[in-house]
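Chains as they are written, first to last, in the UniProt record's numbering: chain A, 1 to 329; chain B, 1 to 329.
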């Protein structure tokens, strides 16, 4: 229940970051990410968190750890758990740091300060970006007619299904997606060995590749009840997270969709009317997520930015019992 | 999810109190209790909260709103939502205010400062305390053999079943209690008209009377995994909260059990070996709760104190958007 401390009683809100100035050249701040167990008395230290990185960027600017540079201020951050380096670009209009703003992220109504979160070289090389060497191909899933898919590794390994080729729209409700989980698992397990994600004789897992549907934009209502027009976004995306429909889209999956959007013939660029390195607006059940590839060379995005938001909630002094005291047990 | 603010994503942890010095003679501090809706954008202002009162007592002492008076410091608090006046007695050993302590409450492992929370005149008059005029009686529930019950109104209207008379122990597991919910609802609905809680022609509800089993102490393991011996407590209690087993016991129910413990022949005093105005230790699924009646006149407890704990977690400055701004929506 997390009655004893500050946090929320869900894995999404039970997180902390320890921030310090970085000694590494070219890096502004280091942050150590803690996934705090709920009711377990334990902390998991091996992963990274994009939402925390977004918060760290605003924190670093608001606390003067990085000098403000005009309307936008860049923060280079190193996640010390994984070694990953990310950039946050914080809106500082007129050189002023704000606590709040008007930017929202899908699934929340709170207005925050716009923060662009940039992944560097998420695709590595062309061979890594397209593990099968093709931007799109037909995939036979079980005994059914083949479906059109793009298998892309950028941020994470992702298999994207052209919804129309599978008799879907890509704008399905979460309920409809739930009914498609067994089929999408079969797509995932079929794609895994083709993407080099399965050891010979091994059993396919459900973490990777990430799997989802893409389709053309259509009007729909978000899970928060907002009406979205077909003109408000560029491509419908419906992802799974493990074996459940994702209410929005993971940051690394958004990176992969944007990378696919760069590629001639991919299921994404065919939906959007051709390859693009402009902002790509993804329509997800919870709302629209904007993502953009920049610094593109030889079809490889060297930088992929996801539009996020952060908000200062509080400055707090937290009372912690001394280690070894009965209260610290 | 309460991503936008400070709180927890459960009703138990999504609460706030606004504290101020009281202008009322004999009252130290006023507090306004807010039950903050989760995902509703609304706040409920009509109820009180004993756990919040416990926290307010420690807050008032630690912030100097009440002068420290030796090893224990009393805080008289008025809940401005309901007008209820409660007393908190905060442990201040040697005249020092502590942030933490060794006192726990059932269901949490965190050590806090001991706070006795006292309800004044929870039973009103003898006629109100015993709505049927009897400390215990046989109650026929459906077609089964009668069971022995005490119907008591102190803090809240409560019907307590002598577990042995119903083929139970009073130390049942939560799973076993779940199976008994339909039967205990029948007990509640049978007792309601006898306690004057049902309008003629009305349908019985599930909020009152509160209903539970009492029995002798036996060794058991709490929901946190602690071993409790039969000598560690005085009476086993298993309550429902609405139509589910309560993992511990509500504060007002604890008051009613203590009041019943004062009465010759009640199902509580028969279990404890006779009426008592000493501390009564109630064994609940989550752990032991101590409660005591004092200032007893004519069998009526004018003060009932429940042993609780509070802990200072943080001092925080919370950033709130200005009313009317887009961010405040």
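Beta carbons are placed, not taken as given, at the ideal position from N, Cα and C, and that holds for glycine.
Taking 8 Å as the upper bound on Cβ-Cβ separation, chain A lies near residues 312, 313, 314, 315, 316, 317, 318, 319, 321, 325 and 326 of the stretch 312 to 326 of chain B. Residues of the stretch 284 to 310 of chain A that bring their beta carbon within less than 8 Å of a beta carbon in chain B are absent altogether. Closer than 7 Å to the CB of residue 8 of chain A there is at least one CB belonging to chain B.
In the displayed model, residue 115 of chain A falls within a strand according to three-state DSSP. Comparing C-alpha distances from residue 321 of chain B to each of A/297, A/309, A/276 and A/100 shows the shortest one belongs to A/100. By the Cβ-count criterion, residue 82 of chain B is exposed, with fewer than 16 other Cβ atoms from all chains shown falling within 10 Å of its own Cβ. For residue 62 of chain B, the enclosing alpha helix (DSSP H) covers residues 50 to 62. Looking at the DSSP output, residue 77 of chain A sits in a beta bridge with A/29 and A/86. Going by C-alpha positions, residue 156 of chain A is about 49 Å away from residue 50 of chain B. Beta-bridge partners assigned by DSSP to residue 241 of chain B: B/244. Approximately 7 Å separates the beta-carbon atoms of residue 307 of chain B and residue 114 of chain B; this is inside 8 Å, confirming the contact. For residue 263 of chain B, the secondary structure class from DSSP, reduced to helix, strand or coil, is coil. Less than 7 Å separates the beta-carbon of residue 117 of chain A from that of residue 88 of chain A. The DSSP-derived three-state label of residue 95 of chain A is helix. The beta carbons of residue 90 of chain B and residue 75 of chain B sit about 6 Å from each other, so the pair counts as a contact at 8 Å. Leaving aside the five residues that flank residue 149 of chain B on each side, the residues in its chain whose CB is nearer than 6 Å to its CB run, in chain order, 139, 159 and 161. Residue 21 of chain B sits in a strand when the DSSP states are folded into three classes. Using a CB distance below 7 Å, the part of the stretch 66 to 99 of chain A facing chain B consists of 99, ordered along the chain.
Counting only residues of its own chain and dropping the five nearest sequence neighbours on each side, residue 172 of chain B has a CB closer than 6 Å to the CB of 238.
Per DSSP, residue 131 of chain A lies in no alpha helix (DSSP H) and is assigned neither H nor E. Going by C-alpha positions, residue 105 of chain B is about 41 Å away from residue 78 of chain A.
The beta carbons of residue 289 of chain A and residue 232 of chain A sit about 12 Å from each other, so the pair does not count as a contact at 8 Å.
Of all alpha-carbon atoms in A/60, A/226 and A/209, the one lying nearest the alpha-carbon of residue 184 of chain A is that of A/209. Sixteen is the threshold: when 16 or more other Cβ atoms of the shown chains lie within 10 Å of the Cβ of residue 283 of chain B, as they do, the residue is buried. Chain B places no beta carbon closer than 7 Å to that of residue 114 of chain A, leaving this residue out of the contacts. By the neighbour-count definition (other C-beta atoms within 10 Å, threshold 16), residue 153 of chain B is a buried residue.
Counting of Cβ neighbours within 10 angstroms places residue 126 of chain B among the exposed residues, the total staying below 16. Pairing residue 12 of chain B with residue 9 of chain A, the inter-Cα distance amounts to about 11 Å. Residue 195 of chain A counts as buried, since no fewer than 16 other beta carbons sit within 10 angstroms of its beta carbon. Proximity of residue 108 of chain B to chain A, defined by a Cβ-Cβ separation below 7 Å, is satisfied. Secondary structure of residue 42 of chain B (DSSP, three-state): coil.
Inclusion of residue 120 of chain A and residue 292 of chain A in the CB contact set at 7 Å is not warranted, their separation being larger than that value. At a cut-off of 7 Å between C-beta atoms, residue 3 of chain B counts as an interface residue with respect to chain A. Within the stretch 174 to 215 of chain B, the runs of beta strand (DSSP E) at least 3 residues long that lie entirely inside it are, in chain order, 210 to 215. Taking a cut-off of 8 Å for Cβ pairs, the stretch 242 to 252 of chain B and the stretch 198 to 217 of chain B touch, as three or more such pairs fall below it.
Taking 8 Å as the Cβ-Cβ cut-off, the stretch 177 to 190 of chain A has no residue approaching chain B.
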